[in-house]
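Line by line, the protein sequences are chains A and B.
The numbers in numbering that gives the first Met the number 0 rise by one with no breaks, and the one at position 292 of the first sequence is 291.
The numbers in numbering that gives the first Met the number 0 rise by one with no breaks, and the one at position 289 of the second sequence is 288.
The C-beta atom is built at its ideal place from N, Cα and C for all residues, glycine as well.
Quick caveat, the model's predicted, so the values are computed rather than measured.
Notes follow once the structure below has been shown.
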Amino acid sequence: MTAAPAIEARGLRRVFRVRQGLFAEPRQVVAVDDVSFSVPAGSVLGVVGESGCGKSTLARLILGLLPPSAGDVLVDGKRLAELDRRARARLIQPVFQDPFASLNPRRRVKDIVAMPLAAQGDVPSAAMASRVAEMLARVGLSEEQGERYPAQLSGGQRQRVAIARALVLRPRIVVCDEPTSALDVSVQAQILNLLAELRRELGLTYLFISHNLAVVEHVASEVAVMYLGRIVERSEAEALFRAPGHPYTRALLASVLTPEPGLGVPDVGLGDAMPDPANIPPGCRFHPRCPQAFDRCPREAPAAWATAGGFAECHLLEPTAPAGLAGAGASQRQLAR
Amino acid sequence: MLDVRGLRVEFGGRTAAVRGASLRVSKGETHCLVGESGCGKSVTALAVMNLLARGAKRDAEVLSFAGQDLLRLSDSRMSRLRGDRMAMIFQEPMTSLNPAYTVGSQMTEVLRRHRGTPRAQAVDRAAELLGLVGITAPGMRLGQYPHQLSGGLRQRVMIAMALMCDPELLVADEPTTALDVTVQAQILRLLATLRRDLGLGILLITHDLGVVARVADRVSVMYAGEVVESAPTAELFAAPRHPYTRGLLRCVPVPGKTRRGEPLGSIPGVVPRIPPGFRGCAFRDRCEHAAPNCAGAVPRRPAGPEHEFLCTLPADWTLREAAA
Ligand SMILES: Nc1ncnc2c1ncn2[C@@H]1O[C@H](COP(=O)(O)OP(=O)(O)OP(=O)(O)O)[C@@H](O)[C@H]1O
Ligand SMILES: Nc1ncnc2c1ncn2[C@@H]1O[C@H](COP(=O)(O)OP(=O)(O)O)[C@@H](O)[C@H]1O
Ligand code: SF4
Ligand code: SF4
Ligand SMILES: [Mg+2]
Ligand SMILES: [Mg+2]
Chain A
0 MTAAPAIEAR GLRRVFRVRQ GLFAEPRQVV AVDDVSFSVP AGSVLGVVGE
50 SGCGKSTLAR LILGLLPPSA GDVLVDGKRL AELDRRARAR LIQPVFQDPF
100 ASLNPRRRVK DIVAMPLAAQ GDVPSAAMAS RVAEMLARVG LSEEQGERYP
150 AQLSGGQRQR VAIARALVLR PRIVVCDEPT SALDVSVQAQ ILNLLAELRR
200 ELGLTYLFIS HNLAVVEHVA SEVAVMYLGR IVERSEAEAL FRAPGHPYTR
250 ALLASVLTPE PGLGVPDVGL GDAMPDPANI PPGCRFHPRC PQAFDRCPRE
300 APAAWATAGG FAECHLLEPT APAGLAGAGA SQRQLAR
Chain B
0 MLDVRGLRVE FGGRTAAVRG ASLRVSKGET HCLVGESGCG KSVTALAVMN
50 LLARGAKRDA EVLSFAGQDL LRLSDSRMSR LRGDRMAMIF QEPMTSLNPA
100 YTVGSQMTEV LRRHRGTPRA QAVDRAAELL GLVGITAPGM RLGQYPHQLS
150 GGLRQRVMIA MALMCDPELL VADEPTTALD VTVQAQILRL LATLRRDLGL
200 GILLITHDLG VVARVADRVS VMYAGEVVES APTAELFAAP RHPYTRGLLR
250 CVPVPGKTRR GEPLGSIPGV VPRIPPGFRG CAFRDRCEHA APNCAGAVPR
300 RPAGPEHEFL CTLPADWTLR EAAA
């Protein structure tokens, strides 16, 4: 028997009701729509997609910070809904994009890092102090920096504080939501290296959210591509970057501007029809922007078809799709989902 | 067209934000200014446009645009130039869009103020420009308020607004940093088209070396208020000389190039705040090549006909190191 996956999402859905004006009918925003996946212990699932596609909502569902409208989250084989806050905190912890917003400005760094321990209620204070000191050193902060307030640190140092706080309870899983998006490339590299080191040493599992595909390629073992609340492609990372199956994934990959002069800026071919999660298009939700859309796309939602490294939801990958349009190298059979 | 030499900006005698920066932008050229946050890029742009906060002290050996000395221009003549022959776009579009007015009324106001263009004609021009920046239903957008638009659309509106008076120079401060990569690619393609078709000179500020590589003709790397390296784009990426430039390039993950799972190169520490009167190389506490003489005068060395870097290392140090 194999061990339970570190994270398992089963048919997750989250709907928000938003009112645009005082008298307007409330509208439904489907931020996460029927999302299922599992992350094996010790691996990194990268989640990519444009702003507003539901990445942070998914992160909050997995962390138990937001109840799902439907579906279930299992962490380490246990249903999240059945765990109390303290048990949850020992298993899974977050690192968010903006360390400034997520750190209490009126507390010293060492007290911020001690908070999760204190919240457990049964850790003796001597043990607490030594765990905090150990953790600060581990993320590259000095004892003196532990005495400071968040405002007295740089952005990169604040993100180190957030990482120390996330790891002080020795969780198995860390959900990183855009952990380096607010940082300079030089500092981003420091933080990515630190996260990679910690994962190896502590055997952590990451759910790693980023809109930067180059970063995801560097850290993830598997990648989920989100579009308007759905995972439209999921694949082993190397195969995704070599042979993307979904037209949206191809557009995202084409938009990555690598530092290679002379290549110019690619024509991504997506037009200016911006996706609106309060108004999800019928059929394939990507069809208004898809450069390859054909008559079937607005009428019929695509099933998940096998690709080189996983699956993608696109009619073109169906074995009976018009000849020559199907993605190269895909072993084509419909996936049981 | 734009000639900046020895630009200095100080804030209240405590911070020397720009320390003798020089750069030029020719007609139809895109010049990128790149560096980490806090290194003085925005202050340089604001100094050129004379939009610095009160209390900032600006000084330069030369600061001229299309033959006019900007240092001697009166405030009223400068504000006539701004938005007319030289225009600026900001990272956050809401800094230049007024939430209380429709896109159409803000765009036409620019033309009416600078040129006295009649309303109907100004509306036509606004619609034409919205089309040019890739907005599919210009008529509808003209009647909308900024908050009704997505971030990408707002950024396009701001670019269209900056183009109302056919400027010769566009100063763009991180125009795509807040946008999705897909939208970023569209906006950058647009800027490249405008450069080609209208001969627009662009000073593009960014911290993203990917953007630099793909759009710049020429690059200036800024660190702690100084231009530490300047070169044509291909040369800068092929043969960077300044240790800071080389460090920055090593930090960027490149799919297919950087090894997955292996550590990225990184630069320890952060950009320091430099007080007026600072001597020596400001990068020395982060530089792996720092030597005692780096605390003294630092020479600007030529590394090619159009390539210079500010460092005590000899021009051919990278070759020597590679040979060793
Ligand atoms: N509390 C809420 N109430 C109403 N709508 C919400 C709420 N939280 C999120 N949404 C909506 O759900 C959708 C998904 O939002 P989410 O924050 O998950 O996106 P994201 O992918 O993380 O975007 P970004 O890249 O900008 O961080 C958006 O349309 C957002 O406006
Ligand atoms: N109005 C101001 N008052 C004081 N210091 C400022 C002001 N604006 C910018 N600075 C300082 O000038 C330096 C350069 O800032 P800036 O040009 O904004 O950097 P960036 O390269 O990120 O655009 C920083 O140290 C910043 O704190
Ligand atoms: S199903 Fe149609 S619209 Fe959707 S991604 Fe595939 S080709 Fe494009
Ligand atoms: S002058 Fe010295 S410290 Fe500065 S970049 Fe050159 S070698 Fe490094
Ligand atoms: Mg988010
Ligand atoms: Mg700036």
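Report whether the distance from the Cβ of residue i to the nearest heavy atom of ligand 5 is below 7 Å.
i	result
Lys54/A	yes
Glu177/A	yes
If you reduce the DSSP assignment to three classes, tell me which class residue i lands in.
i	result
Tyr148/A	coil
Glu49/A	coil
Glu173/B	coil
Ser141/A	coil
Asp275/A	coil
Asp2/B	strand
Pro258/A	coil
Gln90/B	coil
Ile111/A	helix
Ser229/B	strand
Met157/B	helix
Leu82/A	coil
Val160/A	helix
Arg23/B	strand
Phe240/A	helix
Using a Cβ-Cβ distance cut-off of 8 Å, determine whether residue i contacts chain B.
i	result
Phe240/A	yes
Ala307/A	no
Gly261/A	yes
Gly155/A	yes
Val255/A	yes
Glu347/A	Outside the displayed range of chain A (0 to 336) lies residue 347/A, so it cannot be described from this structure.
Gln187/A	yes
His217/A	yes
Gly328/A	Note on Gly328/A: pLDDT 39, under 50, position unreliable in the model; the coordinate value appears next. It does not; no Cβ of chain B falls within 8 Å.
Glu142/A	no
Arg159/A	no
Pro258/A	yes
Gly323/A	Low local confidence applies: a pLDDT of 47 at Gly323/A is under 50, so the model's placement there is unreliable, with the coordinate-based value given in what follows. No, because no Cβ of chain B sits closer than 8 Å to the Cβ of Gly323/A.
Ala58/A	no
Glu49/A	yes
His210/A	yes
Does residue i come within less than 8 Å of chain A when only Cβ atoms are used?
i	result
Thr116/B	no
Val253/B	yes
Asp284/B	no
Leu208/B	yes
Gln185/B	yes
Phe308/B	no
Phe277/B	no
Leu247/B	yes
Regarding residue i and ligand 4, is the C-beta to nearest heavy atom distance less than 7 Å?
i	result
Pro254/B	no
Pro313/B	no
Phe282/B	yes
Pro328/B	This structure cannot settle anything about residue 328/B, because the visible part of chain B is limited to 0 through 323.
Ala238/B	no
Ala223/B	no
Within 10 angstroms of its Cβ, does residue i collect 16 or more other Cβ (buried), or is it exposed?
i	result
Ala125/B	buried
Arg18/A	exposed
Thr43/B	buried
Pro301/B	exposed
Ala121/B	buried
Gly10/A	exposed
Gly198/B	exposed
Tyr100/B	exposed
Glu307/B	buried
Glu305/B	exposed
Could you tell me which residues DSSP puts in a beta bridge with residue i?
i	result
Ile176/A	Per the sequence shown, residue 176/A should be read as Asp rather than Ile. For Asp176/A, which the question treats as bridged, DSSP gives the partners Ile208/A.
Ile201/B	Thr29/B and Leu169/B
Pro301/B	Glu307/B
Phe15/A	Val28/A
Leu248/B	DSSP, once it has assigned bridges, lists no residue as partnering Leu248/B.
Please determine whether the Cβ atom of residue i lies at a distance below 7 Å from any heavy atom of ligand 2.
i	result
Cys164/B	no
Say the cut is 7 Å; is the CB of residue i nearer than that to a heavy atom of ligand 6?
i	result
Asp207/B	no
State yes or no: is the C-beta of residue i nearer than 7 Å to some heavy atom of ligand 3?
i	result
Leu315/A	yes
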